[in-house]
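Take 26 as the starting number for the sequence shown in my numbering and just add one per residue. The next block holds one structure in the form of structure tokens; read it before the comments.
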Amino acid sequence: MEDQQSATGDLTAQDRASRGPDEGAESAAAATDSTAAESPAADGDAVDDNAVDDDDAPTEPAPDGRRRKRLAGKRLAIAVVAAAVLFVGSAGFAGASLQPYLSDRATAATKLNVARTAARAITTLWTYTPENMDTLADRASAYLSGDFEAQYRKFVDAIVAPNKQAKITNSTEVTGAAVESLDENNAVVIVYTNTSSTSPLTKNIPSLKYLSYRLFMKRSQSRWLVTRMTTITSLDLTPHV
């Protein structure tokens, strides 16, 4: 058994000796080349891993981009605040401007109502025929108040009989009316008229007069009534034949 083991060891030594120095050198060179070939590949893998890591890393926004976003947000907020201020200011200005306008409109409407009432009152007071003379005082009472109503009724009662006998027809046309003064419950109105009268006794030749009156009026609930009246102008334009 010892002889066999020695023989085996000798065989290995002999093989190495038989290959000689050249074959050993070649083996060493091959091992060196293999190591060199594997090294670049390993380095390449390392480089690629680093590249992948660099690509996968999240990119942070540049400082300039964040600054632009903040500035844009501030500008938007300033614009919204400015628009709100302008809206509130314009609404307040419109309200302040509208109030005098509405007040002026209300005053104008009241003046128009007073002037129209005065014109209707004068037309009613001085327009009559022999047929409706009896009801003149009652018709006129819708526009009169207080002592003036009583005075006018007394005047009409005194002229009813003679005017009916003479068959006088009186017609009054209002040519203009102007509110001289106005407050909450009182008004003064000037009314301009043309009045014509006819009668068979004068061959129906019209008697023409230009008359203007000053009416003092007072508000009674929603109505304006005449409390006093004076004559301003009386001009007789009747042609004389």
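Backbone N, C-alpha and C fix where the C-beta goes; we use that ideal spot for every residue, glycine too. Bear in mind the structure is a predicted one, so any value in this text is a computation, not a measurement.
{"query": "Might you give, ordered along the chain, the residues of its own chain that have their beta carbon closer than 7 Å to the beta carbon of Y153, omitting 5 neighbours on each side?", "result": "L161 and N195"}
{"query": "Going along the chain, which residues of its own chain have a beta-carbon closer than 8 Å to the beta-carbon of N210, five neighbours each way excluded?", "result": "K243 and R244"}
{"query": "Please state whether the Cβ-Cβ distance between L12 and S247 is less than 9 Å.", "result": "Here the chain covers residues 26 to 266 and nothing more, so residue 12 does not appear."}
{"query": "Write down the C-beta distance between L236 and M254 rounded to the nearest angstrom, noting that I regard them as a contact closer than 8 Å.", "result": "Actually they do not touch by this definition, with Cβ atoms about 11 Å apart."}
{"query": "Rounded to the nearest angstrom, what separates T149 and E198 at their Cα positions?", "result": "10 Å"}
{"query": "Could you compute how far the alpha carbon of V213 sits from the alpha carbon of I184?", "result": "28 Å"}
{"query": "Which ranges would you report for the alpha helix (DSSP H) in the stretch 159 to 243 if only whole runs of at least 4 residues count?", "result": "161 to 165 and 171 to 191"}
{"query": "Might you give, ordered along the chain, the residues of its own chain that have their beta carbon closer than 7 Å to the beta carbon of L262, omitting 5 neighbours on each side?", "result": "L233, K234 and Y235"}
{"query": "Please determine, among A144, A165, D172 and E156, the residue with the shortest C-alpha to C-alpha distance to P187.", "result": "E156"}
{"query": "Tell me the DSSP secondary structure of T154 in three-state form.", "result": "coil"}
{"query": "Run the CB neighbour count on A143, radius 10 Å, all protein chains shown included, and call it buried at 16 or more, exposed below.", "result": "buried"}
{"query": "Classify L262 as helix, strand or coil using the three-state DSSP reduction.", "result": "coil"}
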